[in-house]
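Numbered by this note's numbering, the letters in the sequence shown go through residues 88 to 535 in order. Heads up, the beta-carbon is just placed ideally off N, CA and C, and yes, glycines get one too. Since the structure is predicted, the reported quantities are computational estimates derived from the model, not experimental observations. This report concerns only the one structure given below.
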Amino acid sequence: MKSIDQIAAELQGYDPQSLSAEAVTAFLSRLVAPVTETETLGMFDALGRVLAQDVISPVSVPPHDNSAMDGFAFAGAQLAAGQPLALAVVGTALAGKAWPGQVREGECVKIMTGAIMPAGLDTVIPQEMAQQQGDRVIVPAGVVQPGDNRRHCGEDVMAGQPALQKGELLTPAALGLLASLGIERAPVVRRLKVAYFSTGDEILSLGEPPREGAVYDSNRYTVFGLLTRLGCEVLDFGVVRDDPALLEAAFVRAAAQADAIITSGGVSVGEADFTKAMMKKLGDVAFWRIAMRPGRPMAVGRISMQINSFSPRQMDKVSSFNGSDNGAHSPGAILFGLPGNPVAVMVTFLAFVRPALLRMMGARDRTPPLLRARSAQAIRKKPGRTEYQRGSVQRAADGALTVALTGNQGSGVLSSMVQGNGLIVLHHAQGNVAAGEEVDVMMFDGVI
Ligand code: AMP
Ligand code: MG
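Here it is in structure tokens:
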């Protein structure tokens, strides 16, 4: 397990006072590692989990050559260019049963979609293309080629081959694929436990009466939603007051129970609270100013499980001991100390925390590709920081994708995230955007 200083030393031009978004990503990929414990789950419970091992298919899918259409099966070698072919219908092959007979030259079998191809036959003419005359069928010239409309045994998955690989997220399609192999239970990585709490004396919990200068805790719910959608087990610690004893207790309890701790608030420069001091006291933590908007301040590191007991050097020893213990709890939890502003929380989560948590979950990188869309308006942007503006992507009358800003882009304006369906990513070196110019968009609709 590397310390914060060791990771920092590996990165070119690491500057905690002005870190690029790319450097944050590179740092986090070195800080976090996949959890190793696994369990075996039935299909209904495995949705959203990550496969812990390759799944080698015990069977081929489909298990036989079969027909892709309702029609007539025959041997394609009889087709002659420019000539119709007349065939006698000698039987019917239904799905789910093998047709037992032998088909000779000049003969065909009526066949249903999914039915096993009778021995020696390789071609199907769809019913609507065939001309039926009593017990005979005419295959008009040029409508089918030998091998048409036949599905091959194993064309989806071949017996003995990996059907899904370790690190695959079990989506609805992946669950269906496993089921198509007859697999009832799958080895998956255990759920990641993520503790969350909000900090700040001005933060009200739901149910508390409004008070001058205070705001209701929205981050607790956005983070709960983001983590739940990601398939994490959420350990909710609510609001923790700006009191050293309470903060210490929350961090220590969270570190003992969770793989990762997410906090919001209290990491800005000049904060008059105890959050940063407690992170420093209990862990190996870096405090960053990221060259981004929204979401400049962020704290990242590890919080140890016991009060003030591990120096980074001692943590190294504990980790190697646990490493030989095959997946026992690591000594503490990864800390993501997010800014307080509600949009900054969501943006830093999407940009940095989500990919890091996926890595901890053992999932391979699932970052969706950025879309290119035409900006509906001019956007002011200073080079030297990455901006994530909230946008609404739509298809314009000419068919092109366009993206419009969702009003006020303040880092506290949560309605901009509700109205938008993606983040317009204005990269580090990018300057002003002209109306009609194409920009990159990170879609979040369907992701969160
Ligand atoms: P901070 O990062 O602590 O300086 O907070 C920045 C802004 O975010 C302040 O306006 C806070 O009131 C607000 N804020 C902090 N935590 C929360 C929260 N949990 N829910 C809603 N707003 C918050
Ligand atoms: Mg604060």
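- The residue among Glu335, Arg340, Pro296, Val339 with its C-alpha nearest the C-alpha of Phe361 is Glu335.
- Taking 7 Å as the cut-off, the Cβ atoms of Thr489 and Ala460 count as close.
- In this structure, the ligand MG has no non-hydrogen atom nearer than 6 Å to the beta-carbon of Gly499.
- Under DSSP, the beta-bridge partners assigned to Ala491 are Ser479.
- Secondary structure at Met529: strand, using DSSP grouped into helix, strand and coil.
- Counting only runs of 4+ residues, the alpha helix (DSSP H) found wholly inside the region 251-330 occupies 259-267, 306-317, in chain order.
- Sequence-distant partners of Ala266 (beyond 5 residues in either direction) whose C-beta falls short of 8 Å from its own C-beta, in its chain, are Met130.
- Per DSSP, Phe131 is one residue of the alpha helix (DSSP H) stretching across 130-133.
- Counting along the chain, Phe114 sits inside the alpha helix (DSSP H) bounded by residues 108-118.
- Segment contact: the region 158-166 against the region 213-231, three or more CB-CB distances shorter than 8 Å; contact assigned.
- Contact between Glu320 and Val302 fails: their C-beta atoms lie close to 28 Å from each other, not under 8 Å.
- Gly518 has its alpha-carbon roughly 11 Å from the corresponding atom of Ala465.
- Within the same chain, and ignoring the five residues on either side of Asp222 in sequence, the residues whose Cβ sits closer than 8 Å to its Cβ are Ala175, Val176.
- Contact annotation: Ala373 and Arg472 have beta-carbon atoms that are not nearer than 7 Å.
- If you ignore the 5 residues before and after Asp157, its C-beta comes within less than 6 Å of the C-beta of Met199, Thr200, Gln214, all in its own chain and listed in chain order.
- Just measuring C-alpha positions, the residue of Val480, Ala250, Glu255 sitting nearest Pro145 is Ala250.
- At least 7 Å separates the beta-carbon of Gly370 from that of Arg383.
- Scanning its chain for C-beta atoms nearer than 7 Å, with the 5 sequence neighbours on each side dropped, one finds around Thr309 the residues Pro429, Val432, Met433, in chain order.
- In the structure shown, Thr362 falls within a helical segment according to DSSP collapsed to helix, strand and coil.
- The alpha-carbon of Ala345 is positioned some 18 Å away from that of Pro442.
- The three-state reading of DSSP puts Ala202 in coil, since its state is none of H, G, I, E or B.
- As DSSP reads the structure, Ser154 sits in a beta bridge with Arg237.
- With fewer than 16 neighbouring CB atoms inside 10 Å of its own CB, Ala332 falls in the exposed class.
- About 10 Å separates the beta carbon of Leu422 from that of Met385, a gap too long to meet the 8 Å contact definition.
- Nearest to Leu138 by alpha-carbon distance, out of Lys253, Pro259, Ala463, is Lys253.
- In the DSSP secondary-structure assignment, Lys197 is bridged to Phe159, Thr179.
- In this structure, the straight-line span from the alpha carbon of Ala516 to that of Pro470 is close to 5 Å.
- In this chain, Gln220 is not harboured by any alpha helix (DSSP H); it is covered by the beta strand (DSSP E) spanning 218-220.
- By DSSP's assignment, Met385 forms a beta bridge with Trp375.
- Taking the Cβ of Gly424 as the reference point, every heavy atom of the ligand MG lies at 6 Å or farther away.
- In the DSSP assignment, Ala95 falls within the unbroken alpha helix (DSSP H) covering 91-97.
- Cβ-Cβ separation between Leu510 and Val528: approximately 7 Å, consistent with a contact (criterion under 8 Å).
- The C-alpha of Ile203 lies about 40 Å from the C-alpha of Gly449.
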